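Peer 1:
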Amino acid sequence: MKVKIFRWKAIGPLLLLFLFLVLLVWVFAEPVARQTTEEASSELLGTQVDVGKLDLIPRQASVDLRALQIADPFVLTRNLLEADEIRLKLNPAALAEKKLVIERLTLRGMRFGTARKTPARPPSGKGFAPQVYRSVEQWSNQFKVPLLSLTPVDTIRQLVLDPTQLTTIREAQSLLARTDSARKGLEQGFQQLNLGPTIDSARAMAQKLSASDPKQLGLDGTRQAIQSVQGTLKEIRDAKKRVEALERKARTTVQSLGQGVQSLDQARQKDFAFAKSLLRLPTFSAPEIGSALFGKVSIDRFKQAAYWAELAQQYMPPGLLPRPTPGPKRLRSAGETIEFPKAKEFPRFLLQEGQLDFSIGGASPIQGAYTATVEGLTSTPALYGRPATITATRRAASSAIASIDVGAVIDHLTARTHDSASARLQGVKLPSFDLPGLPLRLDPGTGSSSLTFSMKNGGAQLLGRWAIGSKQVSWLADTSSRTLNEIERLVVRVVSGLNDLQVVAELSGSMASPSFSVSSNLDKAIARQLQAVVGEEVAKAEKMVRAKVDSLVADKVEPVKRQVATVQSQAMQRIQVEKQRLDAVEKQLNAELERLTRGLAPGIELPKIKL
Amino acid sequence: MLALLKLIQSLIKTLHSAGTPGQVAAGMALGSALGLTPILSLHNLVIFSLLVLLNVSFGGGMLGWMLFVPIGFLLDPVFDKIGLSLLTASSLRPLWTGWTNTPILPFTNFNNTIVLGSFVSWAVLAIPIFFAARYAVTRYRATLGERVRQSRFYKAITASQVYNVYKMFRP
Numbered sequence: 000m001k002v003k004i005f006r007w008k009a010i011g012p013l014l015l016l017f018l019f020l021v022l023l024v025w026v027f028a029e030p031v032a033r034q035t036t037e038e039a040s041s042e043l044l045g046t047q048v049d050v051g052k053l054d055l056i057p058r059q060a061s062v063d064l065r066a067l068q069i070a071d072p073f074v075l076t077r078n079l080l081e082a083d084e085i086r087l088k089l090n091p092a093a094l095a096e097k098k099l100v101i102e103r104l105t106l107r108g109m110r111f112g113t114a115r116k117t118p119a120r121p122p123s124g125k126g127f128a129p130q131v132y133r134s135v136e137q138w139s140n141q142f143k144v145p146l147l148s149l150t151p152v153d154t155i156r157q158l159v160l161d162p163t164q165l166t167t168i169r170e171a172q173s174l175l176a177r178t179d180s181a182r183k184g185l186e187q188g189f190q191q192l193n194l195g196p197t198i199d200s201a202r203a204m205a206q207k208l209s210a211s212d213p214k215q216l217g218l219d220g221t222r223q224a225i226q227s228v229q230g231t232l233k234e235i236r237d238a239k240k241r242v243e244a245l246e247r248k249a250r251t252t253v254q255s256l257g258q259g260v261q262s263l264d265q266a267r268q269k270d271f272a273f274a275k276s277l278l279r280l281p282t283f284s285a286p287e288i289g290s291a292l293f294g295k296v297s298i299d300r301f302k303q304a305a306y307w308a309e310l311a312q313q314y315m316p317p318g319l320l321p322r323p324t325p326g327p328k329r330l331r332s333a334g335e336t337i338e339f340p341k342a343k344e345f346p347r348f349l350l351q352e353g354q355l356d357f358s359i360g361g362a363s364p365i366q367g368a369y370t371a372t373v374e375g376l377t378s379t380p381a382l383y384g385r386p387a388t389i390t391a392t393r394r395a396a397s398s399a400i401a402s403i404d405v406g407a408v409i410d411h412l413t414a415r416t417h418d419s420a421s422a423r424l425q426g427v428k429l430p431s432f433d434l435p436g437l438p439l440r441l442d443p444g445t446g447s448s449s450l451t452f453s454m455k456n457g458g459a460q461l462l463g464r465w466a467i468g469s470k471q472v473s474w475l476a477d478t479s480s481r482t483l484n485e486i487e488r489l490v491v492r493v494v495s496g497l498n499d500l501q502v503v504a505e506l507s508g509s510m511a512s513p514s515f516s517v518s519s520n521l522d523k524a525i526a527r528q529l530q531a532v533v534g535e536e537v538a539k540a541e542k543m544v545r546a547k548v549d550s551l552v553a554d555k556v557e558p559v560k561r562q563v564a565t566v567q568s569q570a571m572q573r574i575q576v577e578k579q580r581l582d583a584v585e586k587q588l589n590a591e592l593e594r595l596t597r598g599l600a601p602g603i604e605l606p607k608i609k610l
Numbered sequence: 000m001l002a003l004l005k006l007i008q009s010l011i012k013t014l015h016s017a018g019t020p021g022q023v024a025a026g027m028a029l030g031s032a033l034g035l036t037p038i039l040s041l042h043n044l045v046i047f048s049l050l051v052l053l054n055v056s057f058g059g060g061m062l063g064w065m066l067f068v069p070i071g072f073l074l075d076p077v078f079d080k081i082g083l084s085l086l087t088a089s090s091l092r093p094l095w096t097g098w099t100n101t102p103i104l105p106f107t108n109f110n111n112t113i114v115l116g117s118f119v120s121w122a123v124l125a126i127p128i129f130f131a132a133r134y135a136v137t138r139y140r141a142t143l144g145e146r147v148r149q150s151r152f153y154k155a156i157t158a159s160q161v162y163n164v165y166k167m168f169r170p
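For the protein sequence lines, the chains are W and H, in the order given. All residue numbers for the first sequence refer to numbering that gives the first Met the number 0, where the first residue is 0 and numbers rise by one. All residue numbers for the second sequence refer to numbering that gives the first Met the number 0, where the first residue is 0 and numbers rise by one.
#1: What is the DSSP secondary structure of W/L376, counted as helix, strand or coil?
#2: Locate the alpha helix (DSSP H) running through H/G30, then write down its first and last residues.
#3: Check each residue of the stretch 49-78 of chain H: if its Cβ is closer than 8 Å to any Cβ of chain W, include it; give the result in chain order.
#4: Nearest to W/V260 by alpha carbon, out of W/G51, W/G334, W/A171?
#5: Please check the pair W/A70 and W/R115, which I expect to be a contact at CB under 8 Å, by giving their CB distance rounded to whole angstroms.
#6: So with Cβ pairs under 7 Å, would you call W/A9 a contact of chain H?
#7: Tell me whether the stretch 67-79 of chain H and the stretch 95-110 of chain H touch, counting them as touching only if at least three CB pairs, one residue from each stretch, are closer than 8 Å.
#8: Please classify H/Y134: is it buried, with 16 or more other beta-carbons within 10 angstroms of its beta-carbon, or exposed?
#9: I'd like to check one pair, W/T46 with W/N78: are the Cβ atoms closer than 7 Å?
#10: Could you pull out every residue in the same chain whose Cβ sits closer than 6 Å to the Cβ of W/P91, ignoring the five residues on either side in sequence?
#11: Would you call H/G60 buried or exposed, if buried means 16 or more other Cβ atoms sit within 10 Å of its Cβ?
#12: Quick one: list the residues of chain W neighbouring H/L86, beta-carbon separation under 7 Å, in chain order.
#13: Among the candidates W/S262, W/R107, W/L175, W/R202, whose CA atom is the shortest distance from the CA of W/I561?
#14: Does W/E96 come out as helix, strand or coil in the three-state DSSP assignment?
#15: Answer with yes or no whether the minimum CB distance from H/N43 to chain W is below 7 Å.
#16: Tell me W/Q109's beta-bridge partners as DSSP assigns them.
#17: Return helix, strand or coil for W/F348, following the three-state DSSP convention.
#18: If you measure beta-carbon to beta-carbon, which residues of the stretch 102-127 of chain W are closer than 8 Å to chain H?
#19: From the DSSP output, in three-state form, read off W/Q354 for me.
#20: Here's the rule I'm using: 16 or more other beta-carbon atoms within 10 Å means buried, otherwise exposed. How should W/P118 be labelled?
#21: I need the straight-line Cα distance from W/K470 to W/L434, nearest angstrom please.
#22: Consult DSSP for H/H42 and reduce its assignment to one of helix, strand or coil.
#23: Check whether the stretch 570-590 of chain W and the stretch 240-250 of chain W touch, using three or more Cβ-Cβ pairs below 8 Å as the test.
#24: Under 7 Å between beta-carbons, which chain H residues line up against W/A95? List them in chain order, please.
#25: Report yes or no: do three or more beta-carbon pairs, one from the stretch 26-39 of chain H and one from the stretch 121-139 of chain H, lie closer than 8 Å?
#26: Is DSSP giving W/I69 helix, strand or coil here?
#27: Among the candidates W/I288, W/A546, W/L192, whose CA atom is the shortest distance from the CA of W/R527?
#28: Check W/P325 in the structure and name its three-state DSSP category.
#29: Can you look up W/I4 in the DSSP assignment and give me helix, strand or coil?
#30: Could you work out which residues of chain W lie near H/F129, taking near to mean beta carbons separated by less than 7 Å?
#31: Under a three-way DSSP split, which group does W/M510 fall into?
#32: Report yes or no: is there a C-beta of chain H within less than 7 Å of the C-beta of W/I403?
#33: Could you give the residue range of the beta strand (DSSP E) that holds W/A420?
#34: How long is the line joining the alpha carbons of W/P30 and W/L53, rounded to whole angstroms?
#35: From W/G647 to W/G426, what distance separates their C-alpha atoms?
#36: In terms of alpha-carbon separation, which member of W/L441, W/K88, W/E335 lies closest to W/Q354?
Listed below in structure tokens is the structure:
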């Protein structure tokens, strides 16, 4: 009987099923693609992305997106970018390989910093972008922005200090315990040296040999005597090695105790600062005032730059090695999806050329048409072979005094990555902000602003500079909340008289260990005035603080310092004494050895024996 | 509960179909791919087409699918390890690199550890599943089959309208 392999009558229903599937795709492709685009881009960027409408144009291998909104992850009520229309021209050959290569992106009706109707969802979840968001938040929190203290000096009456709050006392007690333990350890070391028997036996041998004559000892007797001397010399050398080992240990201990003493001095400085903070003395150090006034607002700028640079590090890794990414979300385990880039092939994602046109209208000095280009934004920079660049400039000059100039280069071609961005805005309306610690809101008016940020080798080198400048500063005082004290009134008077503002914040170091400084003409003016008015009083208060801390700390610290010095000097002295004793007896034995060998063959120079 | 009833219905109908034990077993071996591997993968469209076009028991395929879905979920960690070891094997890297850059093939999601691990496991297990299922069906028909056929339960199931549709794909 012939076995029937195919079920031909099933072809019809199967084709019908496929037709039904195609129909489903046709009907639901656009809404599904829109939702997928929103979800994928929100997860990638770590901020809410909304797409109003998505049209697929298969004949032109294009996608049209309308009413795009990308929320600002740091200000959820604001959009980072809003665009009316975006057209993506895709590469069909790359699509067949499940790769997204955008040959050309055109974006129209772009606006920045627009208010959102509903606040965006805060970045959350376990994705990479929310993790970066959290780590950047943590990173920015490490900068200690001092609080501006403007307490009147006449309110400083008494300083009550609890000795247990002082670091110096805690460290002194700890150092005392360490010193005691080090002393015991060294004592034990000296006992273990056990040099007495070695030195005594060496001396006895030297005395015995000094009374003997090689001629009377004979050849055998002299040879035995030489061997005995050599044996004893070896014991002395071993003893010297033990002493040297103990000396090394003692030096390390002494050095560690010395560092402990130094840390006591540093702890005292910290205690001065702590005690001073209890008094809430007004500060008139310009850098501190600068940090207090503009620290937070400057760090916020660098924080945002660091966030986007960190995302670029993740999404644009250098090299062509296979790289795993989390698999697609589904009911079953997602697993990992591994990409296998290949030279001369398409990368998984590439934006070859993006043309962004936007205009700024109204009577603003920066009104006019602008153009921005994005090139080479890719998931595999090594395949594209050139750094990604972003530029934005004015297309048609409308005003001579105003301009926007933005540029960024993302160079991830090799492991030595370098991301840099710079934005210079002139004649723009600068955002107003509150001055921390003062009942004042600063409105810089129209001025200039610039931000440069550079990150090399994945954050190993960091360089940033943010500056704002304006000659049209206005001050909005909020005096309704509380009554200002004398110093606050002085500061308000000083700053209110200023129409000019220059702020420069600088960032350097690395992501792991950044350093930050900020200075402005404002802090210098405030510092000068405060110095003149309350400088003398503050100096007196500081002197009082020092005296108070010293009185509490001195009787705890001085005995410890003395004990450390004693242990240090005694240890080194004892080691020197032991070394000298060993040297002396070794010298004596060597002299006897020389005499014996000379007596064995007078007039003949024996070859030197390396012992 | 409904899924369980469907499973029992499918099981009874398949075991008593006119198909030979070999046809039922072949259907189950193919259907197990749908259960063991993530369902929304391109290769499953091919498996489904084979199930429909080849003269195997379609009911057996559906039964295999249903039986192996929970097993697939349970074995996901194992599939992940198998897939990862295959995808990270340096000797296979040229193959995966070639496939990634070949049209259509990337849509199979072969470069996902679960998809590859489960598919390879199914490919290895398909023959043992076939023989085990054939033996089980033969034994069932020789022992319990006739008694079940005479039961009211069986008659109630075979009398349902769904059974008529099912008969269209019966081998």
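All C-beta atoms, glycine included, are put in the ideal place defined by N, C-alpha and C. Keep in mind that this is a model prediction, so the values were computed, not measured.
Peer 2: In short:
#1: Here W/L376 sits in strand by DSSP.
#2: H/G30 -> alpha helix (DSSP H) spans 20-35.
#3: Residues of the stretch 49-78 of chain H with a C-beta atom less than 8 Å from some C-beta of chain W are V51, L52, L53, N54, G71, F72, D75, P76, F78, listed in chain order.
#4: Selected option, being the one with the closest Cα: W/A171.
#5: Going by Cβ atoms, the distance from W/A70 to W/R115 rounds to 6 Å, so yes, they are a contact pair.
#6: For W/A9, at least one C-beta of chain H is nearer than 7 Å to its own C-beta.
#7: Segments in contact, no.
#8: Flag for H/Y134 reads exposed.
#9: Using a Cβ distance threshold of 7 Å, W/N78 and W/T46 do not count as a contacting pair.
#10: Closer than 6 Å at the Cβ level, and outside the excluded window around W/P91, lie A60.
#11: Of the residues assessed, H/G60 falls on the buried side of the cut-off, its CB having 16 or more other CB atoms within 10 angstroms.
#12: Within chain W, the residues near H/L86 are I337.
#13: For clarity, residue 561 of chain W is Arg in the given sequence; the question names Ile instead. Taking only the C-alpha atoms, the option nearest W/R561 is W/L175.
#14: DSSP places W/E96 in coil when its eight states are reduced to three.
#15: Chain W, which has no Cβ nearer than 7 Å to the Cβ of H/N43, makes this no.
#16: Per the sequence shown, residue 109 of chain W should be read as Met rather than Gln. DSSP lists W/A82 as the beta-bridge partner residues of W/M109.
#17: In this structure, W/F348 counts as strand in the three-state DSSP scheme.
#18: Of all residues in the stretch 102-127 of chain W, none has a Cβ within less than 8 Å of some Cβ in chain H.
#19: Looking at W/Q354 - three-state DSSP - the assignment turns out to be strand.
#20: Taking all protein chains in view, the Cβ of W/P118 is surrounded by fewer than 16 other Cβ atoms within 10 Å, so the residue is classified as exposed.
#21: Straight-line Cα distance between these residues: approximately 18 Å.
#22: In the structure shown, H/H42 sits in a helix (DSSP, three-state: H, G or I).
#23: These segments touch.
#24: Proximity of chain H to W/A95 at the Cβ level (cut-off 7 Å) is accounted for by P102, I103, in chain order.
#25: Enough Cβ pairs lie closer than 8 Å, so yes.
#26: Three-state DSSP puts W/I69 in a strand.
#27: It is W/I288 whose Cα lies nearest to the Cα of W/R527.
#28: When secondary structure is reduced to three states using DSSP, W/P325 falls in the strand class.
#29: Here W/I4 sits in coil by DSSP.
#30: Ordered by position in chain W, no residue passes the 7 Å Cβ test against H/F129, which lies about 16 Å from the chain.
#31: It is coil, neither helix nor strand.
#32: Cβ-Cβ to chain H under 7 Å: no for W/I403.
#33: First-last of the beta strand (DSSP E) with W/A420: 417-428.
#34: In this structure, the CA atom of W/P30 is about 7 Å from the CA atom of W/L53.
#35: Given a span of 0 to 610 for chain W in the structure shown, any question on residue 647 of chain W remains unanswerable.
#36: Ranked by Cα distance from W/Q354, the first of W/L441, W/K88, W/E335 is W/K88.
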